[in-house]
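In full-length UniProt numbering, the protein residues as written are 1 to 568.
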Amino acid sequence: MQEKVALRSLELLNSNVSEADVDRPTSSTEQWQQPTSALQDDEDPGRPPQEIASPEALWSPVPSQATINQEVVRQTTDEGPWNAPAETFHTTSPQSNFSGSAGYPSEIAPLRWFGLLADDAANGNENIASLSFLTESNFPGRSLSIDEGVALEGVGSSKYPAYTPGLGTPSLQFAHPITPTSVPRSIPETGDGREFWQSPIKLQDHEVPIFRRFVNHLSHWIDMFDPLKHFSTFVPQLALHNEGLMKAILALSARHLSIKPMEPGGSLLDRTTAVQYYYETLQYLQRAMKHESYTRSLELIATALTVSTYEMIDGAGKGWERHLKGVFWIQRSQDINGESEGLKQAVWWAWLRQDLWAAFRERRRAFSFFKPTKYYHVMDQYDIASRVVYLLVQAVNYSSLEESKIGENDLATRIDRADTLFSMLEEWRQNLSVHFNPLPLESNIESIFKPIWINPPAFGTAIQMYFFARILLLVHRPAAGGYIEYTERLKQLIDAVDTISGIATTLEEDAASVISTQCLFGAGLYTQDPAKRDAILDLIEAHQERTGWPVSSLRDELIAEWAKSNPE
């Protein structure tokens, strides 16, 4: 009865309460700006003010994409633990649908991941339209198998021309294969086979600009919170001695060059060039996977993350989710997590950011169930920035359809879980160093949102993710009811939207703009003010124009979501 009364009162308020009716805080940065002092010691955080939220039906949920059906993968004797039931949603570290206490052995997990890639390619998966030429007729009645040595059809065939003349820049028109390493089909049984997949590579002249696009631009997307910048420094060196990694890099870069030209106003690279490199990556993987030394190598996990980034460019989808799960299998089998150090740690955090976005879009739980163990007082500012990614993942899990459904049967526990996550976010905020404080700007800047400048931009996006997490919790935490509670919740929601958008107005870096686009989209879903909606649309469009990501228009999608929540 109390819930019905609360819902009725909130429905009435929704039509009468505007942002002008809500008392605004004195500053949108007061919640997280820290005094100029050293990093605080780790301590027990005080509980944040009680967060008041309306019933989850009050606002439209995340984009209306069909919930991913768990596909049936090829069965193996060790598959069972991965399909074990998830733990209840209120555990400290929510479980993934595809996680368990045990997993595929390290020599099997990479093969399973490759099997997902090859199956989708061979079956012409609708989400990998670029590989539709790999039809079932080429592989009748079976999936691609590493051991069977199935020969994939050549790129230069009549089905798949190497290049469409006249559509690319002159210097990039001929996408001939790079000088390959030697990976024969018949593998000798001596040694660990490392000599067959590690060999110096010489790029063709026309491939150097494609490679440079990765080193100078796309690698920074992956290196966002990595102070050592592994993907712009170390991974290119690995690629110069591994054909598969190099082909994956060239596929990713060529795909981006088919969206964003080498120079402003220049010609776009034909997309078939990217498809060719992707296809050749699969060919290489099919052969190199025969070596156990390769299946446990840094080159493989770097290749897996690069392939996943290639798929991310085209946006969320069933194919990308399946392959993100495959990367999860590889990392799980090798105990790779957010505290693994080196390249493995860098790959894990980059993968988690990708899975976070895919999970949010599909309203599912993220795959990872890793729980960080480091205390804040031993973390540097980049570690702290990465920690908010983990916290946002917990908020995405909380907003998932599965946890929402479970919470319907136990509202008290669901409210407690939200309060726990709010406390974790508050603990993160209290441990921010001065590196996350905003810098001064001119006072005469005209904007719907007050501009907020944080340098480096990565730390600005960390603040955006903090407020994105708060938005998800504010929206999905069950309501206690009442006018005062609703207005308090609305005030906090408005402040979160304003801060995310204020930071977005000052961002000019590509890598930061990718994450900012995601946060803007999430904030825009729950924005009611028409002027702010228009401003958010403009910011998203400017971000997409700058980065070329994603290919689909998030502006149009956001407008469609608003139309669903406000039918005329």
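Each residue gets a CB set at the ideal place from its N, CA and C atoms; glycine is no exception. A quick note: this is a predicted structure, and the numbers were derived from the prediction, not measured.
Reference S399, options V378, L421, R387 and A385, closest by Cα: L421
Buried/exposed call for R414, threshold 16 Cβ in 10 Å: buried
I330 beta carbon less than 8 Å from that of W113: yes
Cβ-Cβ distance between G522 and F367 below 8 Å: no
Inside the segment 480-562 only - alpha helix (DSSP H) runs reaching at least 4 residues: 483-504, 510-525 and 530-547
Buried versus exposed, by CB contacts within 10 Å (16 or more), V208: exposed
Runs of alpha helix (DSSP H) lying entirely within the segment 297-372, each at least 4 residues, in chain order: Secondary structure within the segment 297-372: the alpha helix (DSSP H) runs of 4 or more consecutive residues, fully enclosed, are 298-312, 318-333 and 342-362 (chain order).
At least 3 beta-carbon pairs within less than 8 Å: the segment 388-396 vs the segment 338-355: Short answer: they touch.
Test item: CB-CB of L520 and A504 under 8 Å: yes
Distance between beta carbons of S516 and L525, contact taken as under 8 Å: Between S516 and L525 the Cβ distance is about 15 Å, and since that is not below 8 Å, they are no contact.
Burial state of S553 (16 or more Cβ within 10 Å): The residue in question, S553, is exposed, as its Cβ has fewer than 16 Cβ neighbours within 10 Å.
Alpha-carbon spacing of A535 relative to D119, whole angstroms: Each residue's alpha carbon lies about 43 Å from the other.
Helix, strand or coil at L240 [DSSP, three-state]: coil
Helix, strand or coil at L401 [DSSP, three-state]: helix
Through-space distance from R194 to T179, alpha-carbon basis: Confidence in T179 is poor, its pLDDT being 48 and thus under 50, which makes the residue's placement unreliable; the coordinate value appears in the next sentence. Roughly 18 Å separates the two Cα atoms.
L228, DSSP secondary structure in three states: coil
First and last residue of the uninterrupted alpha helix (DSSP H) at Q276: R271 to A288
Cβ-Cβ distance between E280 and K247 below 8 Å: yes
Bridge partner(s) assigned by DSSP for W453: L439
Of the listed residues E427, L432 and R470, nearest to Q492 (C-alpha basis): Minimum Cα distance to Q492 is reached at R470.
With 16 other Cβ atoms within 10 Å as the buried cut-off, status of Y483: exposed
Under 8 Å between C-beta atoms of E408 and R364: no
Touching by the beta-carbon criterion (3+ pairs, under 8 Å), the segment 233-253 and the segment 303-319: At 8 Å Cβ cutoff, the stretches touch.
Selected residue, minimal CA-CA separation from S232, among K325, D314 and A346: A346
Separation of M224 from A512, as counted between CA atoms: 7 Å
Same chain, Cβ closer than 6 Å to S130, neighbours up to 5 away in sequence not counted: Legend: pLDDT at S130 = 41, less than 50; position of this residue unreliable, no value from coordinates given.
Coil, strand or helix - R477 by DSSP: The three-state reading of DSSP puts R477 in coil, since its state is none of H, G, I, E or B.
Inter-residue Cα distance where the pair is S443 and R429: 26 Å
Limits of the unbroken alpha helix (DSSP H) element including P209: V208 to R213
Euclidean distance between Cα positions of L257 and Y278: 14 Å
Beta-carbon proximity check, V514 vs W320, cutoff 8 Å: No.
Whether L238 touches T309 by CB criterion (8 Å): no
Of the listed residues P451, E292, G265 and L473, nearest to T499 (C-alpha basis): Looking from the CA of T499, the closest CA among P451, E292, G265 and L473 belongs to P451.
Contact belief for L116 with G244 at Cβ below 8 Å, rounded distance in angstroms: Between G244 and L116 the Cβ distance is about 16 Å, and since that is not below 8 Å, they are no contact.
Alpha-carbon spacing of A458 relative to E311, whole angstroms: 23 Å
Cβ shell of Y466 (< 6 Å), same chain only, five flanking positions each side left out: For Y466, where only same-chain residues beyond five positions count, the Cβ hits under 6 Å are V388.
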